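S.K.:
Protein chains: 2
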Amino acid sequence: MKLDPRHLEIIAAIVDQGGLTEGATALGRTQPSVSRTVAMLEQRIGAPLFEKGRRPLVPTELCQALAVEGRKIGGAGKTASAIVGTYKAGHRGIVRIGGTPVFMDGVVSSIIAEFQRASPQVRIEQSYAYAAELMSQLDAGTLDLAVCPLNPAAIPAGFSFQPVLPGRNVIACGINHPLLMKRPLRLTDIAPYAWIAPPASSPLYQDMRHVLGEIGVTDFKISFSGGSLASITNILSQSDVLTVLPYSVVFMARRQKMLAALSVRIGHPERSLGILTKRDMEVRPAIRRFKRFVESEFRNLAQLIMQQEQNSLWRS
Amino acid sequence: MKLDPRHLEIIAAIVDQGGLTEGATALGRTQPSVSRTVAMLEQRIGAPLFEKGRRPLVPTELCQALAVEGRKIGGAGKTASAIVGTYKAGHRGIVRIGGTPVFMDGVVSSIIAEFQRASPQVRIEQSYAYAAELMSQLDAGTLDLAVCPLNPAAIPAGFSFQPVLPGRNVIACGINHPLLMKRPLRLTDIAPYAWIAPPASSPLYQDMRHVLGEIGVTDFKISFSGGSLASITNILSQSDVLTVLPYSVVFMARRQKMLAALSVRIGHPERSLGILTKRDMEVRPAIRRFKRFVESEFRNLAQLIMQQEQNSLWRS
DNA sequence: AAGCTTCATAGCAATGAGTTATGTTATGTC
DNA sequence: GACATAACATAACTCATTGCTATGAAGCTT
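Residue numbers (my numbering), protein chains in the order written: chain A, 64 to 379; chain B, 64 to 379.
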């Protein structure tokens, strides 16, 4: 004897509400509908579910037992609806985000932590890659969004790029670096110090070479390379080496008194940090929500940076 | 967003079976049916449930979450089916049985106990009444079956009466009663002893008067009346009074060495103990099962009584 | 690259669930 | 005891959904 779960749900509603009419309204149906359903059920299972000829409708033992199951079904249905609701509101799902390593570690991971505080049901799958690889992964559909520096004027067709921060770099050092005391700081003061080199495939590497050329440092010493941000930060803190990092990364680290930046104005590349997405990809609610959150956080960050700039850092 | 519980069940089946086809067969449906259902669901909730273009069908996170609810629904449905199954097999339900007090207490209650050992899910609602009241309750539908002594030749129309034991009475006494030692036992020996009288409305009361007349006891002393079988048994055990009881009741009590019967052959009324039911009443499975069980137990009892009779009791 | 398995789609019939309108039946009140 | 009322039952009809078979399309396997 196979029973339609909807019927069990109806039974439960009738028993709980104490009447056909109330049960029907509780289910959003009309009274005749549930009445007929009950009649059909009774005929089908060959047993009465409610005592006949009793006006405060009194359920049979069998009916009570079935109502217990019906309640379970009703509960499961409600939580299923809630699940779909939270999914559609973007509070549940998966977001696969990729980005350049230093930027992801230095800025985006904090934003992710903040996001997950509000939406713990959203799973974030993070991966590291540079622009070309990010694009191919977006194209293959194995990534939902990417955060990386790109030239806004040269975005390939089919992609959408939303700049969030200027792609400005700074020369980073530990917070006790001797050069921080030097006023004024001359470029020749910088020359003696060794450098940390970002990975050769990283855009930062190119940036560093460019910066060093720009400030006239021709023969520089590389004392470390190949580490991720955590290693770089440690080494910067505990020695007097220098490196080139995105300003936003140093800005975030400055808050925890882990890194500092030299007051040297260096040219910035023709790139902006931004969010790269595939244009015709279906945007799942969690992705949309996450993207908006990231954008909002970046706006805040940009604001903070601008205030800070006006106050202290770049006064010449 | 309201979801059809059957759809959730389908999702669960697909996820658990690892494929559309297997899920479909597990549900007893065809593959195109569930395929279309899934497509409709995906469109309705606006989210994919399975990754597109993957042949070992891989469910979405959302789908997994919904499948959990679907499993609950499936489980509830299965137990509901089982409930109906046990109901239809007569292993669940209510049986309302009524009968004459002494007979219910002395014989039927033991049978009920035995029945409930095998079918604990069947609730027995027992009540006490005499024939006329039993009939009216059967007629009103507040009783499912009655056990009482009746004349099988005079059953009102609309009722069905199935005799299960001859309506034989005996003179009952405690197991240490002096008369049990007397061989041969003469009727004049009985005269001095006092009697317990059944309720005046009871058929046993008439029987007792009849029996006493029959054996020539004209002026007898009533020492107790109005008690139920438990009281009667106690008083019989602890004093030398006598009473008239159905043979089957004394037979059952004899097993526990609580009562005995005098070896006096007395006439028996034109009544049989039997099961009285209303003819056109719908017979619920549990009632049918219980009735058959009672009949079978009574057959066994009749057999036992017959054997016992041939051996010892009524040898003259 | 071919073959096999599995999923998707189409067209059609039938069941079932929804609706409104209306009848029936308990229950409470005078 | 008759009437009013509220709740349940029934009727007639519409429409969404599911069932089926047949067939196309797409991955995975060898």
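The beta-carbon is built from N, C-alpha and C at its ideal position, and this holds for glycine as well.
Being a predicted model, the structure only gives us computed values, none of them experimental.
Taking a contact to mean a Cβ-Cβ separation below 9 Å, would you say B/Pro309 touches B/Val158 in this structure?
M.R.: Taking the first residue of the second sequence as position 1, residue 309 of chain B is located at position 246. Taking the first residue of the second sequence as position 1, residue 158 of chain B is located at position 95. Cβ atoms of B/Pro309 and B/Val158: not closer than 9 Å.
S.K.: Who are the Cβ neighbours of B/Pro226 in its own chain at under 8 Å, not counting the five residues just before and after it?
M.R.: Position 163 of the second sequence, counted from the start, is the residue given in the question as residue 226 of chain B. Contacts found: Pro215, Ser335, Leu336, Gly337.
S.K.: Under 9 Å between C-beta atoms, does B/Leu364 make it to chain A?
M.R.: Taking the second sequence and counting its residues from 1, one reaches residue 364 of chain B at position 301. Chain A contact via Cβ: absent.
S.K.: May I ask you to report which of helix, strand or coil DSSP gives B/Gln371?
M.R.: One-based indexing of the second sequence puts residue 371 of chain B at position 308. Residue state, collapsed to three classes: helix.
S.K.: Report all residues from its chain with a CB closer than 6 Å to the CB of A/Leu305; omit the five preceding and five following residues, and keep chain order.
M.R.: Position 242 of the first sequence, counting from 1, holds the residue named residue 305 of chain A. Only Ile234, Cys236, Tyr256, Trp258 meet the Cβ criterion.
S.K.: Using the Cβ count rule (16 or more neighbours within 10 Å means buried), how would you classify A/Arg246?
M.R.: Numbered from its first residue, the first sequence carries residue 246 of chain A at position 183. A/Arg246 comes out exposed.
S.K.: Apart from the five residues just before and just after B/Arg342, which ones in its own chain have a Cβ nearer than 7 Å to its Cβ?
M.R.: Numbered from 1 along the second sequence, position 279 holds the residue referred to as residue 342 of chain B. If we look at B/Arg342 and ignore the five residues flanking it on each side, its Cβ neighbours are Gly221, Phe222, Ser223.
S.K.: Here's a check: name, in chain order, each residue in its chain whose Cβ is nearer than 7 Å to the Cβ of B/Ser286, leaving out the five neighbours to either side.
M.R.: Counted from its first residue, the second sequence places residue 286 of chain B at position 223. For B/Ser286, where only same-chain residues beyond five positions count, the Cβ hits under 7 Å are Ala257, Trp258, Ile259, Val304.
S.K.: What residues from chain A crowd round B/Thr13, counting only those whose CB sits closer than 7 Å?
M.R.: Here chain B comprises residues numbered 64 to 379, so residue 13 of chain B is not present and cannot be evaluated.
S.K.: Apart from the five residues just before and just after A/Val78, which ones in its own chain have a Cβ nearer than 6 Å to its Cβ?
M.R.: Within the first sequence, the letter at position 15 stands for residue 78 of chain A. The residues are Pro122, Ala130.
S.K.: For B/Lys65, count neighbouring Cβ atoms within 10 angstroms of its own Cβ and tell me buried if that reaches 16, exposed if not.
M.R.: Counted from its first residue, the second sequence places residue 65 of chain B at position 2. Under this definition B/Lys65 is an exposed residue.
S.K.: What are the boundary residues of the alpha helix (DSSP H) that A/Gly161 is part of?
M.R.: Along the first sequence, one-based indexing puts residue 161 of chain A at 98. It is not in any alpha helix (DSSP H) - A/Gly161 instead sits in the beta strand (DSSP E) that spans 156-162.
S.K.: Please report how far the alpha carbon of B/Arg118 lies from the alpha carbon of A/Ala181, in whole angstroms.
M.R.: Here residue 118 of chain B refers to the residue found at position 55 of the second sequence. Here residue 181 of chain A refers to the residue found at position 118 of the first sequence. Near 35 Å, if we compare the C-alpha coordinates of A/Ala181 and B/Arg118.
S.K.: By the 7 Å beta-carbon criterion, what residues does the stretch 311-345 of chain A contribute toward chain B?
M.R.: Against chain B - using a Cβ distance shorter than 7 Å - the stretch 311-345 of chain A contributes no residues.
S.K.: Quick one: give me the first and last residue of the alpha helix (DSSP H) that A/Gly86 is part of.
M.R.: Counting from 1 along the first sequence, the entry for residue 86 of chain A is found at position 23. Run containing A/Gly86: 83-90, per the alpha helix (DSSP H) assignment.
S.K.: To the nearest whole angstrom, what separates the beta carbons of A/Pro241 and A/Gly230, a pair I think is in contact under 8 Å?
M.R.: By 1-based counting over the first sequence, the position of residue 241 of chain A is 178. By 1-based counting over the first sequence, the position of residue 230 of chain A is 167. Actually they do not touch by this definition, with Cβ atoms about 28 Å apart.
S.K.: Give every residue of the same chain whose Cβ lies closer than 7 Å to the Cβ of B/Leu248, excluding the five residues on either side of it in the sequence, and list them in chain order.
M.R.: As a first step, residue 248 of chain B is located in the second sequence; it is residue number 185 there, counting from the start. So the list reads Leu242, Leu325, Ser326, Val327, once near-sequence residues are dropped.
S.K.: Work out the CA separation of A/Leu208 and A/Met167 for me, nearest whole Å.
M.R.: What you label residue 167 of chain A is simply residue 104 of the first sequence in a count that begins at 1. What you label residue 208 of chain A is simply residue 145 of the first sequence in a count that begins at 1. Answer to the nearest angstrom: the Cα atoms are 12 Å apart.
S.K.: Go ahead and label B/Lys30 buried or exposed: buried means 16 or more other beta carbons lie within 10 angstroms of its beta carbon, across all protein chains shown.
M.R.: This structure leaves residue 30 of chain B out entirely; chain B is present only between 64 and 379.
S.K.: Around the C-beta of A/Gly276, are 16 or more other C-beta atoms found within 10 angstroms, so that it is buried, or is it exposed?
M.R.: As a working note, residue 276 of chain A is residue 213 in the first sequence. Flag for A/Gly276 reads exposed.
S.K.: How should B/Ser379 be labelled, buried or exposed, when 16 other C-beta atoms within 10 angstroms of its C-beta is the threshold for buried?
M.R.: As a first step, residue 379 of chain B is located in the second sequence; it is residue number 316 there, counting from the start. Unreliable placement is indicated for B/Ser379, whose pLDDT of 42 sits below 50; the coordinate value is still reported in the next sentence. It counts as exposed.
S.K.: Give me the subset of the stretch 274-292 of chain A whose CB atoms are less than 8 Å from a CB atom of chain B, sorted by chain position.
M.R.: Answer in chain order: no residues at all.
S.K.: Using the three-state DSSP reduction, which class does B/Ile350 fall into: helix, strand or coil?
M.R.: Translated into positions along the second sequence, residue 350 of chain B becomes position 287. DSSP places B/Ile350 in helix when its eight states are reduced to three.
S.K.: Just the chain B side, please: which residues come within less than 7 Å of A/Tyr150 by C-beta, in chain order?
M.R.: To locate residue 150 of chain A, count along the first sequence from 1; it is residue 87. Those are Ala110, Leu125, listed as they occur along chain B.
S.K.: Helix, strand or coil for A/Ala316? Go by DSSP, reduced to three states.
M.R.: As a working mapping, residue 316 of chain A is identified with position 253 in the first sequence. Three-state DSSP puts A/Ala316 in a helix.
S.K.: Would you mind sorting A/Gly148 into buried or exposed? The rule is 16 or more other CB atoms within 10 Å of its CB.
M.R.: Indexing the first sequence from 1 puts residue 148 of chain A at position 85. It is exposed - the Cβ of A/Gly148 has fewer than 16 other Cβ atoms within 10 Å.
S.K.: Based on DSSP bridge pairs, tell me the residues matched to B/Leu305.
M.R.: Working through the second sequence from its first residue, we reach residue 305 of chain B at position 242. In DSSP, B/Leu305 forms a bridge with B/Trp258.
S.K.: Would you tell me roughly how many angstroms separate the C-alpha atoms of B/Ala263 and B/Gln269, rounded to the nearest one?
M.R.: Mapped onto the second sequence, residue 263 of chain B falls at position 200. Mapped onto the second sequence, residue 269 of chain B falls at position 206. Rounded to the nearest angstrom, the two C-alpha atoms are 8 Å apart.
S.K.: In chain B, what lies closer than 9 Å to A/Glu105 by C-beta?
M.R.: Along the first sequence, one-based indexing puts residue 105 of chain A at 42. Chain B residues near A/Glu105: none, gap ~11 Å exceeds 9 Å.
S.K.: Please report whether the beta-carbon of B/Leu66 lies at a distance below 9 Å from any beta-carbon of chain A.
M.R.: Counting from one through the second sequence, the residue named residue 66 of chain B turns up at place 3. Chain A contact via Cβ: present.
S.K.: Could you give the distance in angstroms between the alpha-carbon of B/Gly81 and the alpha-carbon of B/Leu120?
M.R.: As a working note, residue 81 of chain B is residue 18 in the second sequence. As a working note, residue 120 of chain B is residue 57 in the second sequence. The straight-line gap from Cα to Cα measures roughly 7 Å.
S.K.: Please list the terminal residues of the continuous alpha helix (DSSP H) segment that includes B/Ile278.
M.R.: For the purposes of this step, residue 278 of chain B is taken as residue 215 along the second sequence, with counting starting at 1. Neither: B/Ile278 is in no alpha helix (DSSP H) and is coded neither H nor E.
S.K.: Give the residues of chain A in contact with B/Leu71, contact being defined as C-beta atoms less than 8 Å apart.
M.R.: Within the second sequence, numbered from 1, the residue matching residue 71 of chain B stands at position 8. Per Cβ cutoff of 8 Å: Ala139, Gly140, Ala143.
S.K.: Give me the Cα-Cα distance between B/Thr100 and B/Gly138, rounded to the nearest whole angstrom.
M.R.: Sequence index remark: in the second sequence, residue 100 of chain B carries index 37 (1-based). Sequence index remark: in the second sequence, residue 138 of chain B carries index 75 (1-based). Those two C-alpha atoms are separated by around 21 Å.
S.K.: Going by DSSP, what residue range makes up the alpha helix (DSSP H) through A/Arg134?
M.R.: Working through the first sequence from its first residue, we reach residue 134 of chain A at position 71. Here the alpha helix (DSSP H) through A/Arg134 covers 124-151.
S.K.: With DSSP run on the structure shown, which of helix, strand or coil describes B/Gly8?
M.R.: Because residue 8 of chain B is not part of the residues shown, which for chain B are 64 to 379, the question remains open.
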